[in-house]
Every structure is written in structure tokens, then in C-alpha cells.
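Novice:
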């Protein structure tokens with residue numbers, strides 16, 4: 134027996150149905166068919182793990198609202214998807230309330246106060262990525278627990294104790310390790326076996342990854358959740374958990390036989406105590422009569438998607454052949470990324486010219502720079518949004534996109550009252566910084582490598598108490614004030630292009646939501662080549678893009694793993710997850726199984742798979 138290898142899980146919830154779903158703590162033997170969509174009425178939940186989705190649906194059935202259910206699911210994901218997200222990291226939650234308010238909760242990690250622009254420098258040069266990542270230096274002050282507390286306090290109905298109960302059960306009872314979990318452990322093996330606490334939790338006694346089909350229990354994490362359930366966020370940011378985090382960051386528990394140097398960090402108890410999760414206005418643009426909301430700074434997701442949509446709005450994409458429409462999509466993304474790389478940073482440290490970046494007038498200048506018949510050569514230079522800004526701002530600084538893979542998880546939840554949550558959270562790279570906090574069962578993040586840590590002058594340079602720029606883009610589309618789409622994706626900087634491509638396919642090019650999520654991806658981030666998934670190269674438009682428009686491609690096994698909800702007429706809801714069927718190697722196919730949807734239907738008083 135083992136947990137499903139088919140992980141993105143989409144569940145539709147009918148408020149009138151009382152059929153019982155399996156316990157969130159019980160790994161299921163019989164697997165439902167792989168289906169990418171579900172349609173019904175009421176609320177919906179889409180996550181990357183069936184146990185998390187089941188827990189969210191059970192909460193909805195018991196009267197929770199979408200915010201409650203999002204926290205329930207996220208806490209379970211912290212157990213079952215620990216290499217992608219968890220309480221050692223941070224994220225961004227976009228909320229639309231039943232009353233129509235759209236807001237965001239920023240719980241992005243923050244740099245410890247003692248960090249400086251040259252903290253990742255030695256001998257006058259910046260560290261290499263792995264040297265920076267696998268260290269105490271890369272760990273930002275975690276924001277997830279504070280973000281959950283703020284979401285529940287401001288917009289939820291559940292106590293922390295109720296919201297964390299399913300996750301505590303899963304952590305204690307365990308879940309079955311699958312091929313993806315095994316492969317992600319193997320990717321980190323050379324570093325995980327350096328750290329005593331990480332080795333003890335994730336490796337067998339012989340130093341190999343825990344076998345597929347075995348049960349992984351995490352009683353230390355259950356104990357951490359129990360402390361938070363009793364004391365709230367104060368139980369995480371103070372006391373023994375906080376002390377252990379500080380010690381793990383400042384003195385990683387390196388084994389004598391370690392074959393890497395693990396540099397100490399500078400996190401303190403005061404850094405943890407000072408952490409806050411502010412509520413922020415979302416980034417917003419109008420697009421073809423719709424309102425598109427996403428995350429503003431310190432994330433670059435909302436501004437970059439918004440700028441690209443503003444550029445594209447002047448083109449009648451629906452009247453074009455797909456090759457020309459895709460050319461314009463790629464070019465809008467290319468030019469928007471040039472601006473993203475130059476101007477996005479923590480707004481508490483740098484006056485991000487957000488109004489200018491999202492203005493129609495600035496978009497017109499960027500549109501004029503696009504050759505409608507030929508791909509530009511990257512890197513293109515950033516534009517100048519400052520004349521179009523509503524407040525004084527500083528000049529930006531051109532920079533290359535950091536294209537190293539990041540790992541996040543995204544979930545989307547709605548309820549029958551009209552609350553909607555689009556939520557992306559992370560510990561950055563797969564496995565974070567590689568250090569499990571001894572005695573408490575969670576990995577620390579390596580989020581500070583999201584700074585331009587090799588620069589002493591860039592707006593996104595390292596500074597104490599600063600939040601690194603993100604690409605996370607939880608997104609909501611409203612039509613006349615009512616929800617139309619809620620979506621998001623993991624994938625590092627490809628999050629932005631994944632969400633943008635889904636929006637263009639769905640809103641402009643006639644694709645259904647299922648088709649938009651399943652379409653092979655192309656990601657242009659102001660780089661010399663456009664990253665594409667294997668099947669994209671076989672499409673007719675790819676041949677035209679290369680031959681007629683001069684685009685060059687490099688192949689990537691996987692781009693994005695989006696989940697989405699579409700709100701249909703007559704109170705119906707469509708929940709969908711991306712289906713990746715184009716991976717070309719055994720390892721890639723194992724990873725892409727995570728994109729195949731697994732769902733339960735609740736319909737007419739019955740539960741079917």
C-alpha cells in the first residue's frame with residue numbers, strides 16, 4: 134500500500150451532501166481515476182495532495198469558510214509536501230470575502246536584522262548558489278504560521294486548534310512515501326546526509342532515501358503543531374521552537390563526516406519575535422472588461438502579469454492565428470520581465486513604481502517596443518515607468534532573471550457563501566536549506582537566495598529585515614464584481630508565465646479552463662531562449678514561432694502545476710488541475726505525475742471517484 138502517486142487533487146463540495154469522506158489520516162489503497170476536472174455547486178478545493186484536499190473538503194462540510202479550509206489544507210501540506218512548503222517558510226494569500234473585499238496577507242520570509250548586502254560574499258566575491266543555499270545564512274525568518282494566524286483572525290471562523298487538528302493526525306499516523314517524494318529526497322541526498330536531524334527524519338539508517346511504499350511519521354512536527362494549536366503563533370515565534378530555529382540557523386547540526394561546508398547564519402530570537410504578516414492591497418488591472426487581482430510587492434507576480442496583460446489588451450488575440458497570438462504573449466512576457474527584474478523589491482526598502490508599471494500609458498511604451506513580426510533578442514533593457522508613477526520613485530537596475538528552480542505549492546478554495554482563497558506558499562528550493570529544526574520536525578527555508586545576493590546595489594539586494602522579491606502570483610479574476618476565475622501555480626519565476634498563459638488561453642484564445650491548464654507551457658523571462666515543455670515543440674505554432682518569428686527554445690521537463698476554480702452560471706463551480714502528460718524520461722514522468730488530477734465527486738448524495 135502507498136499514498137497516491139497522482140497528487141494534484143481537485144475536490145468539489147456540495148453543501149447539501151453529507152456523505153462521509155475517508156479520514157485525512159488514512160492513506161488510501163484504491164485510487165480513483167485520473168480526472169482533471171470536477172463540476173458541481175457549492176464550494177471547491179484544489180491542492181497538490183489528496184490528504185490535504187480531503188481535509189479541506191471535510192472542513193467545508195462541517196461549516197468552515199474558504200479561509201479556514203485553506204489553512205487546514207496548508208497545514209496538511211506541511212506534513213505531506215515538506216520539501217515544497219511548510220511552517221519553516223512563507224507565502225502570499227489572496228482572499229476575496231463574501232462581502233466582495235479583495236485583499237492579501239503577506240507572510241513572505243524576512244531577512245534577519247544582521248544581514249547585509251555583502252553577507253553572501255567571501256573574498257570579495259558572491260558565493261555560488263549551492264554554497265549560499267545549504268547554509269544557515271539562506272534561512273529567512275519564517276512567515277507561514279503568522280500568516281495563518283492573521284488569516285484566521287481576520288477572515289476565518291476556526292480556532293488554530295481546529296484548523297491544525299487534521300495535520301496533527303496526519304503527522305502522527307503518517308503517510309505513504311511515493312516515487313516523487315523519494316526522488317525529491319534523492320535530489321538532496323548529498324546534503325541531507327550532512328545534517329543529523331535531516332538524515333534522521335528523511336533517510337534510512339544506511340543513508341539512502343526512505344523506500345517507496347513505507348510510512349513516514351513525523352511526531353516532532355505533530356508536537357510543533359500541538360504547541361501552535363495551544364499557544365497560537367506565539368508558540369512558534371517564542372519559546373523552545375524559536376530557540377531551536379535560531380540554533381539550527383546559527384549552528385547547523387552538521388555531522389562529523391559531512392562533505393560540505395555549512396556556513397552559520399545570523400538569525401536571532403528578536404528577529405522571530407518581531408516578525409509581522411501585513412495585510413496589503415492587491416495589484417489590480419482591468420483586462421477586457423474584467424478585474425484581475427494578484428499579489429503586489431514584495432512579490433513580482435501581480436505587477437508582471439498585470440503589465441503583460443496591459444500590453445496585450447490592445448491586440449485582438451482572439452482574431453489571430455495561434456502562432457501570432459503566442460508570439461505576442463512571449464514578447465509581452467519578455468518585456469515585462471525586463472521591468473520586473475529592474476524595479477521589483479520589498480516596498481519597505483525601495484519605492485517600487487507599481488502604479489507606473491501597471492499604467493496603460495507605460496504599457497503603450499512597452500508595446501511600441503515589440504516587433505509584431507520578430508522575436509527580440511534578450512536581454513532587452515527595462516523601460517522607464519517613473520514618468521507614469523503617481524509617487525516619487527527611484528531608478529531601477531537591469532538584472533538577469535534568476536532561473537534556478539524553486540519549489541512552491543498552490544491551493545485554491547471557495548465556499549458556498551462567496552469567499553475565495555488563492556494561496557501560494559513555499560520554502561523556496563526543493564528541500565529548503567536542507568536543515569530540519571532538531572526536535573521539531575520541519576525544514577528551514579532558503580528564501581534569502583531570492584535576493585540578488587550577488588549585488589551590493591540592486592533594489593533587491595540583501596538587507597536586514599527586508600523581504601526578498603518573489604514570483605508567487607495567487608490570482609483572482611472578477612466579472613462585474615463576481616468571481617470568475619481563481620488560480621495560481623508553483624514553479625519559481627515560471628509561476629508568472631504559467632498564470633499569464635492560462636489567462637490568455639482562457640480569456641482570449643477560446644480554451645476551456647481544462648484545456649488552458651493542460652496546454653504545454655512556454656516561458657519567456659527575458660532570456661536568450663524560451664523554456665518549453667517537450668510537447669510544446671511538437672505544436673504547429675511552435676514551428677511557426679521558430680521559423681517565422683525567430684524564437685529559439687530550450688526544453689524543460691515541467692513548467693508549472695496550476696490549480697484553478699472557475700465560477701459558472703447558476704451557482705455551479707468547476708475545479709481543475711493541470712494534467713502533465715508530456716514528460717519524456719522516466720524521472721520526468723515520475724515528477725509529472727504530480728500534475729495529474731485526482732478528485733472525489735459528491736453528487737446526489739453519493740461519493741464516487
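Numbering (the working numbering), first residue to last: 134 to 742. Glycine included, each C-beta is placed from N, C-alpha and C at the ideal position. The model shown is predicted, which means the values in this text are computed figures rather than measured ones.
Tell me the DSSP bridge mates of residue 318?
Specialist: Answer is none; residue 318 lacks a bridge partner.
Novice: Give me the residue from 567, 614, 297 with the minimum Cα distance to residue 330.
Specialist: Out of 567, 614, 297, 567 has the C-alpha closest to the C-alpha of residue 330.
Novice: In whole angstroms, what separates the C-alpha of residue 380 from that of residue 341?
Specialist: 26 Å
Novice: Taking C-alpha atoms, which residue in 708, 328, 421 lies nearest to residue 640?
Specialist: 421
Novice: Output the boundary residues of the beta strand (DSSP E) element that contains residue 226.
Specialist: 223-229
Novice: Near residue 497, what residues of its chain come up, given a Cβ to Cβ distance below 8 Å and the 5 sequence neighbours on each side ignored?
Specialist: 447
Novice: Look up residue 603 in the DSSP assignment and give the residues it is bridged to.
Specialist: 432
Novice: Within the continuous beta strand (DSSP E) that includes residue 426, where are the two ends?
Specialist: 423-427
Novice: Figure out for me which residue from 435, 513, 282 has the closest Cα to the Cα of residue 478.
Specialist: Of 435, 513, 282, the residue nearest in Cα terms is 435.
Novice: From which residue to which residue does the alpha helix (DSSP H) around residue 331 run?
Specialist: 329-335
Novice: Please classify residue 238: does DSSP put it in a helix, a strand, or coil?
Specialist: Of the three classes helix, strand and coil, the one that applies to residue 238 here is strand, per DSSP.
Novice: Could you say which of 399, 679, 432, 358 lies nearest to residue 597 if we only look at CA atoms?
Specialist: 399
Novice: On the premise that residue 605 lies in contact with residue 224, defined as a C-beta separation below 8 Å, what is that separation, rounded to the nearest angstrom?
Specialist: 7 Å
Novice: Between which two residues does the beta strand (DSSP E) holding residue 608 run?
Specialist: 608-612 is the extent of the beta strand (DSSP E) around residue 608.
Novice: Beta-carbon within less than 6 Å of residue 648's beta-carbon, same chain only, minus the 5 sequence neighbours each way: which residues are those?
Specialist: none
Novice: On the three-pair Cβ rule with 8 Å, is the region 407-420 touching the region 457-475?
Specialist: no
Novice: Do the CB positions of residue 220 and residue 233 come within less than 8 Å of each other?
Specialist: Cβ atoms of residue 220 and residue 233: not closer than 8 Å.
Novice: For the alpha helix (DSSP H) that residue 195 lies in, which residues bound it at each end?
Specialist: In this chain, residue 195 is not harboured by any alpha helix (DSSP H), its DSSP state being neither H nor E.
Novice: Could you tell me which of 310, 655, 350, 323 sits nearest to residue 789, measuring between CA atoms?
Specialist: Look at the range of the chain in this structure, 134 to 742, and you will see that residue 789 is not part of it.
Novice: Starting from residue 616, follow its DSSP beta bridges and name the residues at the other end.
Specialist: DSSP lists 611 as partners of residue 616.
Novice: Does DSSP classify residue 547 as helix, strand or coil?
Specialist: strand
Novice: Would you tell me roughly how many angstroms separate the C-alpha atoms of residue 710 and residue 696, rounded to the nearest one?
Specialist: Pairing residue 710 with residue 696, the inter-Cα distance amounts to about 4 Å.
Novice: Using a Cβ-Cβ cutoff of less than 6 Å, which residues in the same chain neighbour residue 610 once the five nearest sequence positions on both sides are dropped?
Specialist: 423, 425, 617, 618
Novice: Taking the alpha carbon of residue 332 as the reference point, which residue from 260, 389, 218, 562 has its own alpha carbon closest?
Specialist: For the set 260, 389, 218, 562, the Cα lying nearest the Cα of residue 332 is the one of 389.
Novice: Could you tell me the alpha carbon to alpha carbon distance between residue 574 and residue 282, rounded to whole angstroms?
Specialist: 20 Å
Novice: The beta strand (DSSP E) with residue 700 in it runs from where to where?
Specialist: 696-700
Novice: Note down, one range per segment and in chain order, each beta strand (DSSP E) of at least 3 residues found wholly within the region 654-696.
Specialist: 663-665, 686-688
Novice: For residue 513, I'd like the list of residues in its chain whose CB is within less than 7 Å of its CB, leaving aside the five on either flank, ordered along the chain.
Specialist: Cβ-Cβ distances below 7 Å link residue 513 to 467, 468, 471, 659 in the same chain, with the five nearest sequence neighbours on each side left out; the list follows chain order.
Novice: Would you mind reading off the limits of the beta strand (DSSP E) that contains residue 280?
Specialist: It is not in any beta strand (DSSP E) - residue 280 instead sits in the alpha helix (DSSP H) that spans 277-288.
Novice: Going by beta carbon distance, what residues of the same chain come within less than 7 Å of residue 184, once the five residues before and after it are set aside?
Specialist: Excluding residues within five positions, the ones whose Cβ falls inside 7 Å are 157, 209, 213, 303, 308.
Novice: Give the C-beta separation of residue 451 and residue 545 to the nearest angstrom, bearing in mind that I take them to be a contact with Cβ-Cβ under 8 Å.
Specialist: Contact doesn't hold; Cβ gap of about 26 Å is too wide.
Novice: For my contact list, residue 414 and residue 491 are in at a C-beta cut-off of 8 Å; report their separation, rounded to the angstrom.
Specialist: Actually they do not touch by this definition, with Cβ atoms about 12 Å apart.
Novice: Can you tell me which residues form a DSSP beta bridge with residue 274?
Specialist: 243
Novice: DSSP has residue 255 in a bridge; who is on the other side?
Specialist: Looking at the DSSP assignment, residue 255 forms a beta bridge with 258.
Novice: Please classify residue 286: is it buried, with 16 or more other beta-carbons within 10 angstroms of its beta-carbon, or exposed?
Specialist: exposed
Novice: Am I right that residue 547 and residue 176 are in contact with their C-beta atoms under 8 Å? What's the rounded C-beta distance?
Specialist: 5 Å
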